[in-house]
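All remarks here apply to the structure that follows.
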Amino acid sequence: GRDEERQGGVERHVQVFFGSDRTYSADAARLGERFGTERGELKLGRLNVSIPPGHETGEVERPSWLRLQFRENPSKHVMLTELMCDSEADFLRNLGIQLAANDNPSAFVFVHGYNVSFEDAALRTAQIALDVGLASTPLFYSWPSKDGLARYTVDEANAEWTRPNLLKFLELIAENSPARDIVVIAHSMGSRPVTWALDQLMSRRPELREKFSELVLAAPDIDAAVFQRDILPALAPLHPHVTLYASSKDRALAASKFVHGSPRLGESGESLVVAAGMDTIDASVIETD
C-alpha cells in the first residue's frame, strides 16, 4: 500500500505486483539485478518501492555521478527495498488482499518498452501509481529487454517471444483476482505483445472482456499502417477503450522509423493516426523520453 504521509521528511512506500519471464537469480547482490536480460520462465511476485521526500512529479530520482551520488539513499532516491517471488496461489492471495483494501477493487498493469531493465520498470510503475494518483493496485509485466541501446533487434525478437507469457499473466489476473476494473498501459515496443495478448484473450475468453476498462498506448512502436489495417479492427469491438498518446519528440520512435522505413503508431505530425474506435492525444508539447 501507499503511505498516508505525503509530505515532510518521511519517504513513501508503494507495493507493486509483477510478472516477469526474465532469467532469475536469487543470489544477485542487488535486488534490482535478480531479474536479468535473458529469456526465462514466468515468475510472479511483489516488491516494495520507497519514494523519497521532495519527490518531483514525473521523475524517478536515481543516484547520479554528476551530483557525486554513488549509492542509493532512501532520503534522495526512488529505490527497491523488498522483492519477493510468490507461488501462483500466494500471488493471487496477496493481490486479492491488496485489491480488497480499496473501495473500488481496480488495478493497472504497466508493460514497458525497449531498452528497459526489470528494476527500471518496477520503479516507473511505482512512480506512475503515486504521481498519477490512481486509486488502483499497481502491477507490471517485465519481458527480457536487453537494457541496451544497441540491442533493438534482440528486443524485437523477445517482445514477440514473450506474448504467450503475457497472455497467461493477464488472464490469471482477470480470471482469478477480484479486480473489476483493469487498465493496461503499454509503452513503446511493449505495445506489440500487449495488443496481441488482449486480442487473443478477449477473443478466446469473451466473459473476461468486462474486466478490462482501458488500453493506453503510450508512444507505441507499432507499424502505423498495420495497426490501422489489422490491430485496431480486432480491438475496437472488444470492451477496453483505447487511447493513443503520440509524440513527435520521441527519439526511440524516430530511430524505429529509420530502421523499419515506415511511420510508427506513436508518431505525431503528418503521421498522426486518428481513427474511429480510439482517442488520439498529441503529447508533442511534453518531453516523452
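Residues in the sequence shown are numbered from 1018 upward in steps of one, following the working numbering.
Glycine included, C-beta positions come from ideal geometry on N, C-alpha and C.
- Ranked by how close their Cα comes to the Cα of PRO1223, the residues ASP1198, GLU1192 and THR1179 have GLU1192 in first place.
- Between PHE1186 and GLY1036, the C-beta spacing is below 8 Å.
- Bounds of the alpha helix (DSSP H) holding THR1142 are 1135 to 1149.
- Between LEU1048 and LEU1097, the C-beta gap is smaller than 8 Å, which places the two residues in contact.
- Between PRO1210 and LEU1234, the CB-CB gap reaches or exceeds 8 Å.
- In the pairwise beta carbon analysis, the region 1243 to 1262 is classified as not touching the region 1147 to 1165: fewer than three pairs are separated by under 8 Å.
- Taking a contact as a CB-CB distance under 8 Å, the pair VAL1128 and ASP1164 does not count as one, their CB atoms being some 15 Å apart.
- Secondary structure at TYR1041: strand, using DSSP grouped into helix, strand and coil.
- Within the same chain, ALA1263, SER1264, SER1265, LYS1266, SER1285 and GLY1286 come within 8 Å of SER1301 by CB-CB distance, once the 5 residues on both sides are set aside.
- Between the beta-carbon of VAL1200 and that of SER1153 there is about 7 Å, and that keeps the pair under the 8 Å contact cut.
- In terms of Cβ geometry, TYR1131 and ALA1241 do not form a close pair [threshold 8 Å].
- For a cut-off of 8 Å, the C-beta gap from LEU1100 to PHE1125 is around 20 Å, too long to register as a contact.
- The region 1196 to 1252 is shown to contain whole beta strand (DSSP E) runs of 3 or more residues at 1198 to 1204 and 1229 to 1235, in chain order.
- When secondary structure is reduced to three states using DSSP, PRO1280 falls in the coil class, being assigned neither helix nor strand.
- ALA1263 carries a strand assignment under DSSP once its states are collapsed to helix, strand and coil.
- Scanning TRP1213, ASP1198, VAL1243 and GLY1207 for the CA closest to the CA of LYS1228 turns up ASP1198.
- Here the alpha carbon of PHE1244 sits roughly 11 Å from the alpha carbon of PRO1280.
- DSSP places ASP1107 within a helical segment (H, G or I) once states are collapsed to three.
- Of all C-beta pairs linking the region 1100 to 1116 to the region 1168 to 1182, fewer than three are shorter than 8 Å, placing the two stretches out of contact.
- In this model, ALA1043 and ALA1293 are separated by some 47 Å (Cα to Cα).
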